[in-house]
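**Student:** Numbering (my numbering), first residue to last: 8 to 181. Every residue, glycine too, gets a C-beta built ideally from N, C-alpha and C. Got a structure for you, written out below as structure tokens; questions coming shortly.
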Amino acid sequence: DAVLVGSGTVARDKPQLTVRLAKGRNPLRIILSSKGELPPDSTQVKLASDGKTVVTTTGELPSDLATSAVKFWTVSDDGDGRVDWHQLLRFAGKRELISILIEGGASVITSALKAKIVEKIIVVVAPLLLGRGIEAIGDLKINSVKEALNLQRVKVRRSGPDLIYTAYPKYNRR
């Protein structure tokens, strides 16, 4: 139903967030930006005329995007100045969105895991070694293996040279 990224991914990668390799309708594009920042020349602003671009923010709408076709959802912050995931999901539910693919960077993925809203994890591993790079998940404040986020029903399949891991997190009650 929707694909979600952070504003940093939008600025760096300029993703289209559309269906390209299979048939189907394009998902709603949800962009997390606590300050409502989105480059006016970004792909998402250009594609917004289809009515499928939403920026989720915690504050006032930026004046440079006020006249664009981009829709805004204003939600509370989570106490750390970030978008409150639970409120965002309530907004999505009211719009009958059942499934949201989080295709964000480490900051977005980490905050979603901390909020315990991730139901399924899919990780694609290519047979390449790059050395030091961009982290996939940030600090989850886990201090021991005993506190680790357990993944259940782990399945691995091959797609060409890549391995695709699918798992379901079991959150600890802390």
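Is residue 91 buried or exposed, if buried means 16 or more other CB atoms sit within 10 Å of its CB?
**Tutor:** Working through the sequence shown from its first residue, we reach residue 91 at position 84. Buried: at least 16 other Cβ atoms inside 10 Å.
**Student:** Start and end of the alpha helix (DSSP H) containing residue 64?
**Tutor:** Within the sequence shown, numbered from 1, the residue matching residue 64 stands at position 57. Unbroken run through residue 64 is the beta strand (DSSP E), 60-64; no alpha helix (DSSP H).
**Student:** Put residue 109 into one of helix, strand or coil per three-state DSSP.
**Tutor:** As a position in the sequence shown, residue 109 is number 102, starting the count at 1. Here residue 109 sits in strand by DSSP.
**Student:** Counting pairs of Cβ atoms below 8 angstroms between the segment 169-176 and the segment 129-138, do you hit three or more?
**Tutor:** With a cut-off of 8 angstroms, the segment 129-138 and the segment 169-176 count as touching, because enough Cβ pairs lie within range.
**Student:** For a test of the three-state rule: what should DSSP assign to residue 15, helix, strand or coil?
**Tutor:** The residue labelled residue 15 in the question sits at position 8 within the sequence shown. Helix.
**Student:** Tell me which residue opens and which closes the beta strand (DSSP E) that residue 182 is part of.
**Tutor:** Past the edges of the chain, shown from 8 to 181, lies residue 182, and the structure says nothing about it.
**Student:** Are the Cβ atoms of residue 117 and residue 141 separated by less than 8 angstroms?
**Tutor:** For the purposes of this step, residue 117 is taken as the residue at position 110 of the sequence shown. For the purposes of this step, residue 141 is taken as the residue at position 134 of the sequence shown. It is not a contact, given that the beta carbons lie outside the stated cut-off.
**Student:** Quick one: what's got a C-beta closer than 8 angstroms to residue 93's C-beta in the same chain, skipping five residues either side?
**Tutor:** Here the question's residue 93 lines up with position 86 in the sequence shown. The residues are 122, 124.
**Student:** List the residues that DSSP assigns as beta-bridge partners of residue 168.
**Tutor:** As a working note, residue 168 is residue 161 in the sequence shown. In DSSP, residue 168 forms no bridge with anything.
**Student:** Going by alpha carbons, who is nearest to residue 59 out of 41, 80, 67?
**Tutor:** Your numbering for residue 59 matches position 52 in the sequence shown. Checked all of 41, 80, 67; the closest Cα to residue 59 is 80.
**Student:** Given a cut-off of 8 angstroms, decide if residue 57 and residue 34 are closer than it, judged by their beta-carbon atoms.
**Tutor:** Looking up residue 34 in the sequence shown gives position 27. Looking up residue 57 in the sequence shown gives position 50. No.
**Student:** With distances taken Cα to Cα, identify the nearest neighbour of residue 45 among 120, 19, 158.
**Tutor:** Position 38 of the sequence shown holds residue 45. For residue 45, the nearest C-alpha among the options comes from 19.
**Student:** Apart from the five residues just before and just after residue 157, which ones in its own chain have a Cβ nearer than 8 angstroms to its Cβ?
**Tutor:** Locating residue 157 in the sequence shown gives position 150, counting from the first residue. 176, 177, 179, listed in sequence order.
**Student:** Under the three-state reduction of DSSP, which class applies to residue 89: helix, strand or coil?
**Tutor:** As a first step, residue 89 must be located in the sequence shown, where it is residue number 82. DSSP places residue 89 in coil when its eight states are reduced to three.
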